C-alpha cells in the first residue's frame, strides 16, 4: 500500500521525548529550542505592520519560488558584503533549513548514494538522507570537528557523492571545526570533487573568540552548498531559512521546490526582510549571545558541582548544546528514565549516531532554560548519575 | 551527479509564460492568481496583531508538525460541523496544497506506481507524481467531470494505487463532477479499494447553485484523502492549507513532513486561525464569489462578441478558469506567440494533458483581471484568432 521508502520511516525519539516534557513542572534540556523570552515580539509586530503598509496585497500574494528579491539581496549581503562569491541569484529561500535538506536530498540522492556525515550528527539530516535511501557512512569526529585523516581514507575507498557537516557549534556535540581543518577539508574536497552540505544554523551564536569563516567562503560554490536560517536569531515560527550555492544548483533546487510547495510563505519573508531593514538585528544577536553564554556557564558550573567525578563534558564556544560522556558501559537511556521520574529531561546521545553507538553520551540544551532551572535540573540529573555510577 | 529522478525535471511552461507577463502593460489571463485587490489586508493586519498579543512568543516558536490545535479544530469544524466523519486529529496543516501533494507522493508512490488523473489535469499535481516516478494514466473527462465508464475499464485493467481529481471547478477546465457521478465514483472506489486524492482548492468559489458535497463526505476517510487551502479565500502568501484523511494516513504524513520542513509556519497558522475567529470569513467568501462571478460573466460576454464562430467554450459554475476549444488542427501555442506580441497572455491547454494532446485548447483565468482589461484582452485574442481561423 505505501511506498518502499516508508519502511525506513520512524518518528524521531527526540520528538517522543519532547511530548513528555511539555507537561508543567518538567525541566527540559531535551529540545533544541531557542529561548522564546528573547524573541523580539514588539519589533516583529512592527515589521509585520510595515510589511503590510509598504507592500499591501503583494505581501500576501503568491510569489516567486526562489524567494522575494528584497530578502535574497539582504541575505547575500549578510553572507558576503563585498559580493565576491555570493550574489542574490545564489540564494534560495526555504521553509526552514530542514527543507533545504529535503530539496538537496531530492536533487542528489538515489537509492544507494553514499553520503558521509559526522558522527554523531544532526538527526534531522539523517531523516531525509535515509528517506531517499542513501547509504550513510559516519566519519569520526573529535573536539576539533571531523577528523581529516579518517575522512581521506574513506573518501578514497567509498567515493561519496555528498559530505554533510555542521562546522560551527555542532548539533549535538557543540564542537567547532578548527581553522586548520577547514583549510585541509577544502583542499581535500576540491581534489576529490564531491559536494559538501555545510549546515550552519548556529554560526551567529558565538560566545568566545571570533566566528570562523565558512567553508563556502574558502571553497566557493563549485563544491559547497551552505545552509542557514533565521530560526535561531529572529524566530523559528516563520520557517524562513536559505540555501547559498551555485546558480546551477539553486536553479535545480528551485524547480524541485516548485513541485514541493511552490514557494516559501510570502508574508514571513516580508516580515523577516522588514525586520532586517531596521537596526535591531545586530543588537538582537548580541543579546542572544550574552544570554546563552551566561546559561552555558551556569550549566558548566552546576555540572562541576553536581556531576560525579568520572563524567566528562566539553565547553563549546557557542551554539545551544553541551555534550556529556558518561563512563564506558553506562546506558544514558536508562538514566533518562530515572530522570523523567524526577521531572528533568535530556536526549540520550545514541540518537545522533548513525551506527547506533554512543550509548554512554548525553546532549544537554542550555539555550531554553532559565538559570534557576539549570541549577535545579543539573542537580537532579547529578543525583541520578551518582546512583548509577558510584 | 544528480539523482536519477532529476531526468524528469523541467520547469513548468506556465512559469516561463508568467515571467513574460509580469512586464507592465500585459493583460494576463495566464496565471491562476486570486485577485489581490480582494485580499482582506486590514483584517489580516488585525489578526496578526491579535495573534502576537494573545499568544506572544508562542506564535513565533517551533510548533507541532501536525499543525496548531486551534487551527486543526477550526478546519475540522468547517469541513464537518457535526463531527461525524472529520475530527481535529484527521487534519494535517501543510505549506499549501502543493505540499500535500508532495507528502502524499512520498507516502504512496514508488517507481512505476500507477496513478490515474483526469485529462486535462492540474499541472502542479503531475510534477510530484512524475518526480517520484509514477506511471500516470489519464482518464477521459467531459463537462460533468471524469467519465465513470472509461474509469471502470481502466481500473480493472491497470489496478491503480491512486486516483487524483479535482471535483469542483477543475483546473484547467472549470468542470464540476456531477452529483450522479460522485455517487458512482464512491461506489466504484470502495469496490476496488484504491485511494482517491480529492483536491478541492476552489470549492468555496461557487457562483451558480449550491456547492456539492465532497467525495470525502460520501466515501469517508478509508479511501479518500481531501486537500483544501486558504489560498483562494483568504490569501496564498501564508501557504496555509490542509489534508483531511484517516488518522493513520495523517500520522504517516506527519512523520514525513517532520523530515521535510518540521512544521507549517507557526505565525501564518495563528494569523489564519485568528482571522477565522472573527466574523469576516463568510463575508469575504461572499465578496469573492460575487466579484469572480461578475468577471466570469464579463469574459463570457466579451468572448461572444469577439471570438470567431467555430471557437467553443464552457460556462463553469465557479472557480477561476474558462476552457476554450479551438477548431481541430489549430495550434494554441502559435496563437499565444501572436497574442504576446499584442500584450495579452493565456496558457495553451496542451500543458495540462499528461499525454501531450489538447493542442487546440486554451485556459483563460478570469479571477485576476478587472472588467476593462477582460474586455480589451479578449478583443485582442479575438483578433488573433480571426487571423488564424478564418
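Chains as they are written, first to last, in this note's numbering: chain A, -6 to 383; chain B, -6 to 383. Where is the CB? At the ideal position from N, CA and C, for every residue including glycine. Note that the structure is a prediction, hence the values are computed from the model and not measured.
Cα-Cα separation between residue i and residue j, rounded to whole angstroms
i                      : j                      : result
residue -2 of chain A  : residue 369 of chain B : 52 Å
residue 33 of chain A  : residue 19 of chain A  : 26 Å
residue 145 of chain A : residue 181 of chain A : 7 Å
residue 16 of chain B  : residue 333 of chain B : 11 Å
residue 210 of chain A : residue 217 of chain A : 9 Å
residue 173 of chain B : residue 161 of chain B : 14 Å
residue 118 of chain B : residue 129 of chain B : 11 Å
residue 264 of chain A : residue 193 of chain A : 22 Å
residue 360 of chain A : residue 292 of chain A : 10 Å
residue 438 of chain A : residue 108 of chain A : Only positions -6 to 383 of chain A appear in this structure, which leaves residue 438 of chain A out of reach.
residue 197 of chain B : residue 273 of chain A : 42 Å
residue 324 of chain A : residue 9 of chain A   : 19 Å
residue -5 of chain A  : residue 244 of chain B : 13 Å
residue 367 of chain B : residue 294 of chain B : 10 Å
residue 379 of chain A : residue 201 of chain A : 31 Å
residue 39 of chain A  : residue 60 of chain A  : 22 Å
residue 185 of chain A : residue 72 of chain A  : 26 Å
residue 24 of chain A  : residue 330 of chain B : 55 Å
residue 75 of chain A  : residue 26 of chain A  : 33 Å
residue 341 of chain A : residue 349 of chain A : 11 Å
residue 297 of chain A : residue 290 of chain A : 11 Å
residue 326 of chain A : residue 352 of chain A : 8 Å
residue 277 of chain A : residue 286 of chain A : 14 Å
Contact list for residue i against chain B, beta-carbon separation under 8 Å
i                      : result
residue 34 of chain A  : 45, 49, 50 and 53
residue 37 of chain A  : 45 and 53
residue 82 of chain A  : In chain order: nothing, as chain B lies at least about 14 Å away.
residue 124 of chain A : 99, 249 and 252
Opening and closing residue of the alpha helix (DSSP H) in which residue i lies
i                      : result
residue 192 of chain B : Note, residue 192 of chain B: premise wrong, no alpha helix (DSSP H); beta strand (DSSP E) at 188 to 192.
residue 365 of chain A : 364 to 382
residue 240 of chain A : 240 to 254
residue 301 of chain B : No alpha helix (DSSP H) contains residue 301 of chain B, which DSSP labels as neither H nor E.
Contacts of residue i in chain B (Cβ-Cβ under 7 Å)
i                      : result
residue 100 of chain A : -5, -4 and -1
residue 232 of chain A : 254 and 258
residue 261 of chain A : 258, 260 and 261
residue 168 of chain A : Going along chain B, no residue has its Cβ under 7 Å from residue 168 of chain A, so there is no contact; the nearest lies around 24 Å.
residue 338 of chain A : Going along chain B, no residue has its Cβ under 7 Å from residue 338 of chain A, so there is no contact; the nearest lies around 16 Å.
Residue i vs residue j beta-carbon contact at 8 Å
i                      : j                      : result
residue 249 of chain B : residue 99 of chain B  : yes
residue 346 of chain B : residue 356 of chain B : no
residue 208 of chain A : residue 179 of chain A : yes
residue 87 of chain B  : residue 235 of chain B : yes
residue 53 of chain B  : residue 37 of chain A  : yes
residue 148 of chain B : residue 127 of chain B : no
residue 112 of chain B : residue 134 of chain B : yes
residue 233 of chain A : residue 262 of chain A : yes
residue 224 of chain A : residue 89 of chain A  : yes
residue 189 of chain B : residue 311 of chain B : no
residue 169 of chain B : residue 205 of chain B : yes
residue 28 of chain B  : residue 284 of chain B : yes
residue 214 of chain B : residue 238 of chain B : yes
residue 309 of chain B : residue 167 of chain B : yes
residue 256 of chain B : residue 56 of chain B  : yes
residue 307 of chain A : residue 136 of chain A : yes
residue 251 of chain B : residue 343 of chain A : no
residue 230 of chain A : residue 43 of chain B  : no
residue 187 of chain A : residue 156 of chain A : yes
residue 177 of chain B : residue 141 of chain B : yes
Chain A residues whose Cβ lies nearer than 9 Å to that of residue i
i                     : result
residue 23 of chain B : Ordered by position in chain A, no residue passes the 9 Å Cβ test against residue 23 of chain B, which lies about 13 Å from the chain.
residue 29 of chain B : 49, 50, 51, 53 and 54
Span of the beta strand (DSSP E), counted from its first residue to its last, around residue i
i                      : result
residue 87 of chain B  : 84 to 88
residue 235 of chain B : 233 to 237
residue 358 of chain B : 354 to 358
residue 221 of chain A : 217 to 222
Proximal chain A residues relative to residue i, where beta-carbon distance stays under 7 Å
i                      : result
residue 86 of chain B  : The premise fails here: residue 86 of chain B is roughly 12 Å from chain A at the closest Cβ pair, so nothing lies under 7 Å.
residue 42 of chain B  : 38
residue 103 of chain B : -4 and -3
Closer than 7 Å: residue i CB and nearest the ligand SAM heavy atom
i                     : result
residue 48 of chain B : Ligands displayed in this structure: none; no statement on the ligand SAM is therefore possible.
8 Å Cβ cut-off: residues of chain A touching residue i
i                      : result
residue 121 of chain B : 252 and 253
| said: Does the contact criterion of 3 or more C-beta pairs under 8 Å hold for the stretch 335 to 347 of chain B versus the stretch 362 to 380 of chain B? | reply: The stretch 335 to 347 of chain B makes contact with the stretch 362 to 380 of chain B: 3 or more CB pairs, one atom from each, lie closer than 8 Å.
| query | Do the stretch 87 to 97 of chain A and the stretch 220 to 228 of chain A meet, that is, are 3 or more Cβ pairs less than 8 Å apart? | reply | yes
| query | On the three-pair Cβ rule with 8 Å, is the stretch 76 to 85 of chain B touching the stretch 267 to 281 of chain B? | reply | no
| Listed in chain order, which residues of the stretch 343 to 361 of chain A have Cβ atoms closer than 8 Å to some Cβ of chain E? | Protein chains A and B are contained in the structure displayed, whereas chain E is not.
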